[in-house]
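FYI, numbering that gives the first Met the number 0 numbers position 72 of the sequence shown as 71, with every residue one higher than the one before it.
Below is one structure, written out as C-alpha cells, with a few remarks after it.
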Amino acid sequence: MTQNVPSFTELLNSARVSAVHLELRDQYSVAEEAEELAKWRRGDAVDVDPDSEYWIGWSDLVRGIVGRGVTVQRARVVSLPVTDYIRYEHHITTVNEAIGEQVRWLPRSEASGIALPGNDFWLIDGRAVRFNLFDGPGRALDPQYSEDPEVTQLCASAFQAVWDRGVDHKEFVV
0 MTQNVPSFTE LLNSARVSAV HLELRDQYSV AEEAEELAKW RRGDAVDVDP DSEYWIGWSD
60 LVRGIVGRGV TVQRARVVSL PVTDYIRYEH HITTVNEAIG EQVRWLPRSE ASGIALPGND
120 FWLIDGRAVR FNLFDGPGRA LDPQYSEDPE VTQLCASAFQ AVWDRGVDHK EFVV
C-alpha cells in the first residue's frame, strides 16, 4: 500500500468508467453522521433531501461524475437481523439513489463463498483502490491506497460477486 493517498474528491473525480464502493461493517461511528443518527434514534425526521446543506457536497460530487457517464455502485454486506445503524443507513439510502448511485444489499450469510478484503473500499475504474479503515467501534482511521494489480483485482472480484448476489435497495427489507 502506498502512503500517498489522494483526497476522496480527487479519487472520485478521476473516475472515467466506474466507481464502486463495498461496505462490510454493521456499525459505523462517523462524526459527520452523529447528529442525524441521534435524531433518527429519537424518532425525529432526518435529512433525506439531496439538495440540503447536509448532503449537497456529496450530491454534487456524485451527480458530477454520474453526469460524465461514470457508473457509481455501492454494495453493503450486512448481518441479519440488521443493527440499528444499518436500519438508519437503509433509510437514508434514498439520497444515494436520488443522486445516481445504484445500491444493493447482501446478507452476510450469503457471502460465505466470496473472498472479501478485510476493509471497506472504493475501487475506481478497476485500477485504484482506497481502503477506508475503521477502529472497533467504527471511527474512521487514516485510509490506505493501492494501484497494485493483485489488490485491485481482488477488490474488483469481491465487489462483482457481492453485486451479483445482492438485493436491489428497493427490494431489501430491514
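The beta carbon of each residue, even a glycine, is placed where N, CA and C say it ideally should be.
Keep in mind that this is a model prediction, so the values were computed, not measured.
- Less than 8 Å divides the Cβ of V47 from the Cβ of I91.
- Between V77 and I85, the C-beta gap is smaller than 8 Å, which places the two residues in contact.
- Below 8 Å, too few C-beta pairs join the stretch 124-143 and the stretch 38-52 to call them touching: fewer than three.
- If only complete runs of 4 or more residues are kept, the stretch 71-148 shows the alpha helix (DSSP H) at 83-97, in order along the chain.
- Looking at the DSSP output, L21 shares a beta bridge with A74, F120.
- In this structure, V61 sits near V71, with a CB-CB distance shorter than 8 Å.
- Taking 8 Å as the cut-off, the Cβ atoms of R73 and E34 do not count as close.
- In this structure, the beta-carbon distance from C154 to F120 falls below 8 Å.
- Scanning its chain for C-beta atoms nearer than 8 Å, with the 5 sequence neighbours on each side dropped, one finds around I64 the residues L11, N12, A14, A18, V71, in chain order.
- The C-beta of N3 has fewer than 16 other C-beta atoms within 10 Å across all chains shown, which makes the residue exposed.
- Bridge partners of D167 according to DSSP: R103.
- Shown here for N131: same chain residues with a beta carbon closer than 6 Å to its own, the five before and five after excluded, namely D119, P142 in chain order.
- Taking all protein chains shown into account, S111 has fewer than 16 neighbouring C-beta atoms within 10 Å of its C-beta and is therefore exposed.
- Residue state for V45 is assigned as coil, using DSSP reduced to three classes.
- Assigned with DSSP and collapsed to three states, R15 falls in coil, not helix or strand.
- By the beta-carbon neighbour count (other beta carbons within 10 angstroms, threshold 16), L79 is exposed.
- The alpha-carbon separation between G117 and H20 amounts to approximately 14 Å.
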